[in-house]
Amino acid sequence: MALTFKDIERVATLARLELRLDETERTLSQLNGFFALVEQMQAVNTDGVEPLAHPAALLGEVALRLRDDIASEPNQREASQASAPAVERGLFLVPKVIE
Amino acid sequence: MKNQDLHDLGVAQLAAKLAAGGVSSVEVTQHFLARIEQHSSLGAFLATNPDVSLAQARAADARLAAGERTPLLGVPLAHKDVFVTRDFPTTAGSKMLENYRSPFDATMVRHLGNAGMVTLGKLNCDEFAMGSGNENSAYQKVQNPWDTSRVPGGSSGGSAAAVAARLVPAATGTDTGGSIRQPASLTGITGIKPTYGRCSRYGMVAFASSLDQAGPMARSALDCALLLSAMAGPDPDRDSTSLDMPAADYATDLIATPADGTSAKPLKGLRIGLPTQFFGTGCAPDVLAAVRGALSEFEKLGATLVDVSLPLTELSIPVYYVIAPAEASSNLSRFDGVRYGHRAAHYTDLTDMYKKSRSEGFGDEATRRIMIGTYVLSHGYYDAYYLKAQKIRRLIAQDFQTAFTQCDVIAGPVSPTVAWKIGEKSADPVASYLADIYTLSSSLAGLPGMSVPAGFGAGGMPVGLQLIGNYFKEAQLLGAAHQFQLATDWHQKAPGAAA
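The listed protein sequences derive, respectively, from chains X and Y. Using my numbering, you'd call the opening residue of the first sequence number 1 and step up by one each time. Using my numbering, you'd call the opening residue of the second sequence number 1001 and step up by one each time.
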């Protein structure tokens, strides 16, 4: 099953990426090459096999750990915002969302 | 020994010389900083900060003067640029994070700093650790010190090139699908990817969270053991997937227990499994010859070779390249031009800002993997691709357990060829995924794996032997590699560029 030009555009929108026309065409050709490889997976019988999301699941029961609900981090707002593209009075600036 | 020979010393030797008072950490640090400067054309380093490094060296000298004698005190290293650092920028090899400065240190950086190691700087890598030739760095391609027209491997290519060229005695790396083992193999150094969860991922810029694992890269198994002892261990409050197991003293174990044999046959009783799928026509004859040569050395040391089968080896490629991009597309969604990272100069609204910032900030390979990952997770395709891949992932892990009923460790090549020419594979990025065939299956299973220098192949380029162990068997891998390195000198060979 080959991907179409429209599929690439749809996926780019989902991924919040903007591809130029030539990039969309190149991506289409590369992804179709890639998914030809991926199709090999369908030949493997996986009936009754549980998906493995994480290798730790093979090493026994994995309980999600919770740490004590106490503040463990110092306030680092300035350091955290030092690399932000746009901040003002400790707030991250974004384009207007609500008119 | 003159100071200009300091770079010929490994971690253990430097530590011994520092402990004996033969040299100060400041002198060692100055020596390596000068070498980094002198060999900057290799492209291995993305950032240095001599003031910070020398301050750390002075602190180490003070600890030495106070009588502290610990295995890594005063020895320098450098970190792959996916470990966040307060004192150096962290770019992950991406334009997206140009000039990014973390407010905290990664747990690996903190552990090794607490052990008294001096950070010399940050090492180049493929963008977000995605690649196998270090050609996907947004900043500079890295050259292989054995032949500067060739790649050093990737994604930890800067780490590998720096260790091979003796610009650092050791470096950190990360391995998601082979990114420690493959560059170690292609540059003739030693590297180990521990069991998944052995080293904390806190402060590692995330690529594929169920696969990413930190590990040491150095010239010998002994040096890797020294570093791993400081790196491994639980990080319960910061990484929910770090294993709740204390770190072992890998180096002491290494020296104290030459397996259960006599000194002539130190590996007597060790069964080495050779997967038939790792020794087929897909592997270049020069690589196979070096690997087989190393294996006969293991036999001389008392090990026995047995054939095993990992029938889904070829399938590990599509399985990995579905799962890793799926996780990457999710992890990289955090780069939105709001809290950190690149923001486009011109845009119309919020969505347009996201799209333009991300498209400008990500390079080709990161973009490709985000596209693949988004597609396999999207409605209507999730079951056929992502879920199917996760099911085969379990079968791959089970095949390893079947193999380990017949052997103690598994061995084979790391990479099907020696290092290739820079630019040679860039025309068909998807075809280059095929070259990861021998490292992906153990990554999917979460098993520890090593690359050990095993000789040379075409063009005089290094070849690594891969050793794969069962869960938590890092000590066994390091022990086998150490015995091999006591009997051989492949790991001591230095490239001409290191002169």
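Built from N, CA and C at the ideal position, the CB exists for glycine as well. Small disclaimer: the values here were computed from a predicted structure and weren't measured.
field: CA-to-CA distance, Asp1489 (chain Y) to Ala1247 (chain Y), given in whole angstroms
entry: Spanning the two alpha carbons is a distance of roughly 29 Å.
Met1001 (chain Y) - DSSP class collapsed to helix/strand/coil: Model confidence at Met1001 (chain Y) stands at a pLDDT of 49, short of 50, so the residue's coordinates are unreliable; what they give is reported in the following sentence. In the structure shown, Met1001 (chain Y) sits in coil (DSSP, three-state: anything other than H, G, I, E or B).
message: For Lys975 (chain Y) and Met1096 (chain Y), what's the separation of their Cα atoms in angstroms?
response: Residue 975 (chain Y) falls outside the range modelled here, since chain Y spans only 1001 to 1499, and no answer is possible.
Cα-Cα separation, Thr1313 (chain Y) to Tyr1438 (chain Y): Note on geometry: alpha-carbon atoms of Thr1313 (chain Y) and Tyr1438 (chain Y) lie some 8 Å from one another.
task: Please decide whether Leu66 (chain X) counts as near chain Y, where near means a Cβ-Cβ distance under 7 Å.
output: False, the Cβ-Cβ gap to chain Y never drops below 7 Å.
query: What is the rounded straight-line gap between the Cα of Leu1440 (chain Y) and the Cα of Thr1348 (chain Y)?
result: About 42 Å.
query: Name the chain Y residues that come within less than 7 Å of Ala82 (chain X), Cβ to Cβ?
result: The contacting residues are Arg1101.
- request: Could you check what DSSP says for Met1461 (chain Y) in three-state terms: helix, strand or coil?
  value: Coil at Met1461 (chain Y), not helix or strand.
- prompt: Using CA coordinates, which residue listed in Y:Ala1092, Y:Val1319 and Y:Arg1058 is at the minimum distance from Phe1362 (chain Y)?
  reply: Closest by alpha carbon: Y:Ala1092.
task: Quick one: give me the first and last residue of the beta strand (DSSP E) that Asp1307 (chain Y) is part of.
output: Here the beta strand (DSSP E) through Asp1307 (chain Y) covers Thr1304 to Val1308.
- request: Would you tell me roughly how many angstroms separate the C-alpha atoms of Leu1167 (chain Y) and His1031 (chain Y), rounded to the nearest one?
  value: Roughly 9 Å between the two C-alpha positions.
task: Note down, one range per segment and in chain order, each alpha helix (DSSP H) of at least 4 residues found wholly within the region 1265 to 1316 of chain Y.
output: Entirely contained in the region 1265 to 1316 of chain Y, the alpha helix (DSSP H) runs reaching 4 residues are, in chain order, 1285 to 1300.
query: Going along the chain, which residues of the region 1312 to 1335 of chain Y sit with their C-beta nearer than 8 Å to a C-beta in chain X?
result: Within the region 1312 to 1335 of chain Y, the residues whose Cβ lies closer than 8 Å to some Cβ of chain X are Leu1312, Glu1314, Leu1315, Ile1317, Pro1318, Val1319, Tyr1321, Val1322, Ser1329 and Ser1333, listed in chain order.
- prompt: Taking C-alpha atoms, which residue in Y:Asp1223, Y:Asp1235 and Y:Tyr1385 lies nearest to Tyr1250 (chain Y)?
  reply: Tyr1250 (chain Y) has its Cα closest to that of Y:Asp1223, out of Y:Asp1223, Y:Asp1235 and Y:Tyr1385.
- request: Verify the CB distance criterion: does Met1001 (chain Y) have a CB-CB separation below 7 Å to chain X?
  value: For Met1001 (chain Y), the predicted structure reports a pLDDT of 49, less than 50, and the residue's modelled location is therefore unreliable. A value from the coordinates is still provided. Not closer than 7 Å to any Cβ of chain X, the Cβ of Met1001 (chain Y) fails to qualify, so no.
- prompt: Got a sec? Which residues, its chain only, sit under 7 Å from Glu9 (chain X) by beta carbon, not counting five neighbours each side?
  reply: In its chain, beyond the 5 residues on either side, Thr24 have a beta carbon closer than 7 Å to the beta carbon of Glu9 (chain X).
task: Return the residue from the list Y:Cys1199, Y:Leu1112 and Y:Ser1137 that minimises the CA-CA distance to Pro1448 (chain Y).
output: For the options Y:Cys1199, Y:Leu1112 and Y:Ser1137, the alpha carbon positioned closest to that of Pro1448 (chain Y) is the one of Y:Cys1199.
query: Under three-state DSSP, which class holds Ser1451 (chain Y)?
result: Collapsing the DSSP output to three states places Ser1451 (chain Y) in a strand.
message: Just to make sure I have the definition right: I need the residues of chain Y whose C-beta is within less than 8 Å of the C-beta of Phe92 (chain X). Which are they?
response: Val1338 and Arg1339, listed in chain order.
message: Between which residues of its own chain and Ile1192 (chain Y) is the CB-CB distance below 6 Å, once the five residues before and five after are set aside?
response: Excluding sequence neighbours, Ile1192 (chain Y) sits near Gly1215, Cys1224 and Met1450.
- prompt: Quick one, which of Y:Arg1271, Y:Ile1272 and Y:Gly1197 has its alpha-carbon nearest Pro1236 (chain Y)'s?
  reply: Scanning Y:Arg1271, Y:Ile1272 and Y:Gly1197 for the CA closest to the CA of Pro1236 (chain Y) turns up Y:Gly1197.
- prompt: At what residues does the alpha helix (DSSP H) containing His1111 (chain Y) begin and finish?
  reply: Annotation for His1111 (chain Y): the continuous alpha helix (DSSP H) segment containing it runs Thr1107 to Asn1114.
task: For Met1001 (chain Y), collect the residues of the same chain with a Cβ closer than 6 Å to its Cβ; drop the 5 residues on either side in sequence, then sort them by chain order.
output: In this prediction, Met1001 (chain Y) scores a pLDDT of 49, lower than 50, which makes its location untrustworthy; the coordinate-derived value is nonetheless stated afterwards. Excluding sequence positions up to five before and after Met1001 (chain Y), its CB lies less than 6 Å from no other CB in the same chain.
- request: Spell out whether any CB of chain X is found under 7 Å from the CB atom of Ser1240 (chain Y).
  value: For Ser1240 (chain Y), the answer is yes, since a Cβ of chain X falls inside 7 Å of its Cβ.
- request: Could you tell me which residues DSSP pairs with Phe1045 (chain Y) in its beta bridges?
  value: Answer is Y:Leu1123.
query: Going by C-alpha distance, which of Y:Asp1175, Y:Met1108, Y:Arg1063 and Y:Ala1016 is nearest Ser1442 (chain Y)?
result: When each option's Cα is compared against that of Ser1442 (chain Y), the closest is Y:Asp1175.
query: Along chain X, in chain order, which residues have C-beta atoms closer than 8 Å to that of Lys1355 (chain Y)?
result: Taking a Cβ-Cβ cut-off of 8 Å, the neighbours of Lys1355 (chain Y) in chain X comprise Arg16, Leu17 and Glu18, given in sequence order.
- request: Take Pro51 (chain X) as the anchor and find which of Y:Met1204, Y:Ala1431, Y:Ile1422 and Y:Tyr1385 has the nearest alpha-carbon.
  value: For Pro51 (chain X), the nearest C-alpha among the options comes from Y:Tyr1385.
message: Using a Cβ distance threshold of 8 Å, determine whether the region 1140 to 1157 of chain Y contacts the region 1350 to 1362 of chain Y, with at least three qualifying pairs required.
response: In the pairwise beta carbon analysis, the region 1140 to 1157 of chain Y is classified as not touching the region 1350 to 1362 of chain Y: fewer than three pairs are separated by under 8 Å.
- request: Note down, in chain order, each residue of its chain lying with its Cβ closer than 8 Å to the Cβ of Leu58 (chain X), except the 5 sequence neighbours on either side.
  value: Residues Leu52 of the same chain have their beta carbon placed closer than 8 Å to that of Leu58 (chain X), with the five preceding and five following residues left out of the count.
- request: Report the residue from Y:His1482, Y:Phe1400, Y:Ala1016 and Y:Ala1303 whose alpha carbon sits nearest the alpha carbon of Ile1255 (chain Y).
  value: Of all alpha-carbon atoms in Y:His1482, Y:Phe1400, Y:Ala1016 and Y:Ala1303, the one lying nearest the alpha-carbon of Ile1255 (chain Y) is that of Y:His1482.
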